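Engineer: Provided herewith is a single structure, encoded as structure tokens, for subsequent inquiry.
Residue numbers (the numbering used here): 70 to 822.
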């Protein structure tokens, strides 16, 4: 019958590549609905007719597949040219990209069972996947998500895989990476440039048992792997990679992880999430070599995320170091030839495969806190998931924000959503900056993003800011908005927590390494009061010179000297730093020569770590001193209730009394862990007391905790407890560090439009 009436239903969100169309097909059959469903660049489009359309529409959101994220279901009446007789899945339609792309998903239980079952045709197959798991973002060229537009286009399906792919009742229906040993990618073991015959995974496991270091091609790049129980192998990897102290990531099964770490139900839930992140867990039980994570009381564990990793771990039978395959400071290697050129000096062989990685994605890093899970590095498995913009930003213009210099990430806003990119690295490195520019072009093309406003940090020397200037100049109508660093941190925390555009002022405690302040000095220990439009500086850490400029970030002793001299403890500085000529640094500080004033909380952490002798020379990686200090503090929980004093009478929160009190503790022979805990408590007490006054006095309605120092779970927990009874906003899904900066920049720019 011509002119039959039904509904046109649009489903938006993460609904492609997750089995949504076969779910709709099955739902329609059960509810006697006729019509069709297809993917397009806006999500999933359904034409439906039948007696139960209301129930059908409700079920689209309430019964969606596990990897789907339904953001909106919109419907309107629809007139069919001819009344449909059945419900069909039809070919995808192209067009402007306005849909969510599914992040890569770790191997699901059904596929894991298959690869371990000798009766299955995919037994032992390293690239097994279905609609509930497997590669997505890392193999995708462009939308819509179809095999021809992924790196799987190089592997034509065999008849058996094609039958699964075309059967709506099969869990591999339109699983774009579907493959088997007969038609899919293959792994091989390569030693000295030659492929070794035989079972590559069994041979790789044998080499690892013998103490070898292997380059292993994963989902978003190569890893460097060795036996985590073999101290000599771990140290050899450190020596080859020139990575003296930064903790290595570890891979193991749940039982292995529980042997070496505290992994309760909350940790298990996070580890088994489809994102399969690296999760920081307290070391407990059987000890691993100190070289795995020198000076730390936590270990970074992840479960295998691909069948290849599961098979390798099964064959090896123990935990593996699984650290990023890269030269120090450079992006992770993704190509086979690139690996041979860059990683050969580090490894004794490669476990390779021939499926191309189209997007370079590091492993996501997360930790558990008493306030819940927290994302430290947002990457594989989390990206490109989007966040809803807070109320009041529904009609915001498209904004492109470029973040900062370290832990860089970009942010796109469009159609009421924000897309915070994956971790792009530190832009001081030229290759990381190249990746940053590629990501800018890649995200723009993939999501058909056409920014009207560009946003960047105030600092003119940041490569991200310079790139933003270039992009804005090339855009005839593009406006460039420069955003103060700590205001952006605060706004990112507000945005993640859905703080409305008209929600009123928030007090932001923003503690980090450094950022250019509105007054031209270097900020980093701030209490700001404001909203998305503007802010004022209500309080800050008392500033001292950054002796040596950038050198002060690498060498904690410089910050200790500045703080002890400011506290009138110059003689103690001479004693602790004996052997160093302090006359030139002091003269530079006095004259302000390469010694800008800074209120940095990160440098205060460095100073106190140096006071306790935790890092006596240069830090071997960013945050080393602070991480060692936190690890020490956690071993003296009783001292967390005894904060050192601050002078908090004025706008400047002065730690000089803290250092004087610490000097007495030191003279009395107090344990280092006792002093480390008192330091954490002092910082929390000083900043939280002032922020509480702002809320209770009516100047702010909530408190936001942001900045890289709030990756410190001990500090975060202390602040949360001291602020009990008040609305407190914290980071959970976006990094508190500079990896979340672009989100705040984007919201501030949109609010000012």
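Yeah, the Cβ is synthetic: ideal placement off N, Cα and C, and Gly gets one too.
In this text the structure is predicted, and so the values were computed from the model without any measurement.
With DSSP collapsed to three states, give me the class of residue 624.
Structural biologist: Coil at residue 624, not helix or strand.
Engineer: Do residue 270 and residue 417 have their C-beta atoms closer together than 8 Å?
Structural biologist: The answer is no: Cβ separation not under 8 Å.
Engineer: What is the DSSP secondary structure of residue 636, reduced to helix, strand or coil?
Structural biologist: In the structure shown, residue 636 sits in coil (DSSP, three-state: anything other than H, G, I, E or B).
Engineer: Thinking C-beta only, is residue 239 closer than 8 Å to residue 205?
Structural biologist: Taking 8 Å as the Cβ cut-off, residue 205 and residue 239 do not qualify as a contacting pair.
Engineer: Mind listing, in chain order, the continuous alpha helix (DSSP H) runs of no fewer than 4 residues lying wholly within the region 726-792?
Structural biologist: 741-765 and 782-791, all fully within the region 726-792.
Engineer: Taking the alpha-carbon positions, what's the residue 370 to residue 320 distance?
Structural biologist: Each residue's alpha carbon lies about 6 Å from the other.
Engineer: Does the beta-carbon of residue 688, which I'm using as the reference point, lie nearer than 7 Å to any heavy atom of the ligand ATP?
Structural biologist: This structure does not include the ligand ATP; it has no bound ligands of any sort.
Engineer: Measuring alpha carbon to alpha carbon, tell me which of 585, 587, 613 and 572 ends up nearest residue 600.
Structural biologist: Ranking the options by Cα distance to residue 600, first place goes to 572.
Engineer: When you compare only the Cα positions, how much space is there between residue 148 and residue 77?
Structural biologist: Rounded to whole angstroms, residue 148 to residue 77 spans 9 Å at the Cα level.
Engineer: Near residue 376, what residues of its chain come up, given a Cβ to Cβ distance below 8 Å and the 5 sequence neighbours on each side ignored?
Structural biologist: If we look at residue 376 and ignore the five residues flanking it on each side, its Cβ neighbours are 176, 180, 181, 184, 194, 195, 196, 197 and 198.
Engineer: With DSSP as the reference, please indicate the residues paired to residue 226 in a beta bridge.
Structural biologist: Note: residue 226 sits in no beta bridge, so no partner.
Engineer: Just curious, the beta strand (DSSP E) that residue 170 is in, first and last residue?
Structural biologist: Looking at the DSSP string, residue 170 is not in any beta strand (DSSP E), and its letter there is neither H nor E.
Engineer: Report the three-state DSSP secondary structure of residue 76 (helix, strand or coil).
Structural biologist: Of the three classes helix, strand and coil, the one that applies to residue 76 here is strand, per DSSP.
Engineer: Secondary structure at residue 526, three-state DSSP: helix, strand or coil?
Structural biologist: In the structure shown, residue 526 sits in a strand (DSSP, three-state: E or B).
Engineer: Looking at the strands, I want to know which residues DSSP matches up with residue 202.
Structural biologist: For residue 202, which the question treats as bridged, DSSP gives the partners 199.
Engineer: Which runs of the alpha helix (DSSP H) spanning at least 4 residues fall entirely within the region 372-443, listed in chain order?
Structural biologist: Taking only runs of at least 4 residues, the alpha helix (DSSP H) segments lying wholly in the region 372-443 are 376-385 and 405-412.
Engineer: What are the boundary residues of the alpha helix (DSSP H) that residue 539 is part of?
Structural biologist: First-last of the alpha helix (DSSP H) with residue 539: 532-543.
Engineer: Are the CB atoms of residue 302 and residue 329 within a distance shorter than 8 Å?
Structural biologist: No, the pair does not count as a contact, with Cβ atoms beyond the cut-off.
Engineer: Less than 8 Å between the beta carbons of residue 488 and residue 439, yes or no?
Structural biologist: Their beta carbons are not under 8 Å apart, which means residue 488 does not touch residue 439 by this criterion.
Engineer: Is residue 792 close to chain D, meaning its C-beta is less than 8 Å from at least one C-beta of that chain?
Structural biologist: Given the protein chain composition of this structure (a single chain), no chain D is represented.
Engineer: What did DSSP end up calling residue 612 once you bin it into helix, strand or coil?
Structural biologist: Coil at residue 612, not helix or strand.
Engineer: Just mark residue 192 as buried or exposed, buried being the case when its beta carbon has 16 or more other beta carbons within 10 Å.
Structural biologist: Residue 192 should be labelled exposed.
Engineer: State whether the region 582-602 contacts the region 536-555, with contact taken as three or more CB pairs (one from each stretch) at a distance under 8 Å.
Structural biologist: Result yes; three or more Cβ-Cβ pairs closer than 8 Å.
Engineer: Go ahead and pull the three-state DSSP assignment for residue 115.
Structural biologist: Correct three-state label for residue 115: strand.
Engineer: Whose CA, out of 374, 612, 312 and 112, lies closest to the CA of residue 83?
Structural biologist: Nearest of 374, 612, 312 and 112 to residue 83, Cα basis: 112.
Engineer: Measuring only the C-alpha atoms, how far is residue 275 from residue 385?
Structural biologist: C-alpha separation (whole angstroms): 7 Å.
Engineer: Check whether the region 791-800 and the region 771-779 touch, using three or more Cβ-Cβ pairs below 8 Å as the test.
Structural biologist: Segments in contact, yes.
Engineer: Helix, strand or coil: how does DSSP classify residue 648 here?
Structural biologist: Of the three classes helix, strand and coil, the one that applies to residue 648 here is coil, per DSSP.
Engineer: Between which two residues does the beta strand (DSSP E) containing residue 347 stretch?
Structural biologist: Unbroken beta strand (DSSP E) run through residue 347: 347-351.
Engineer: Can you find the residues in the same chain that come closer than 6 Å, C-beta to C-beta, to residue 159, ignoring five residues on each side of it along the sequence?
Structural biologist: If we look at residue 159 and ignore the five residues flanking it on each side, its Cβ neighbours are 105 and 107.
Engineer: Within a Cβ cutoff of 8 Å, which residues of the same chain sit near residue 714, ignoring the five residues on either side of it in sequence?
Structural biologist: Counting only Cβ-Cβ distances below 8 Å, and skipping sequence neighbours, we find 726, 727, 730 and 751.
Engineer: Which of the three DSSP states, helix, strand or coil, is assigned to residue 156?
Structural biologist: Residue state, collapsed to three classes: strand.
Engineer: Between the alpha carbons of residue 134 and residue 364, how many angstroms are there, rounded?
Structural biologist: Rounded to whole angstroms, residue 134 to residue 364 spans 43 Å at the Cα level.
Engineer: Assuming residue 425 contacts residue 220 (C-beta within less than 8 Å), just tell me the rounded distance between them.
Structural biologist: Confirmed, about 4 Å.
Engineer: Do three or more CB pairs link the region 597-613 to the region 682-693 at distances below 8 Å?
Structural biologist: No: fewer than three Cβ pairs fall under 8 Å.
Engineer: When you compare only the Cα positions, how much space is there between residue 396 and residue 262?
Structural biologist: Spanning the two alpha carbons is a distance of roughly 20 Å.
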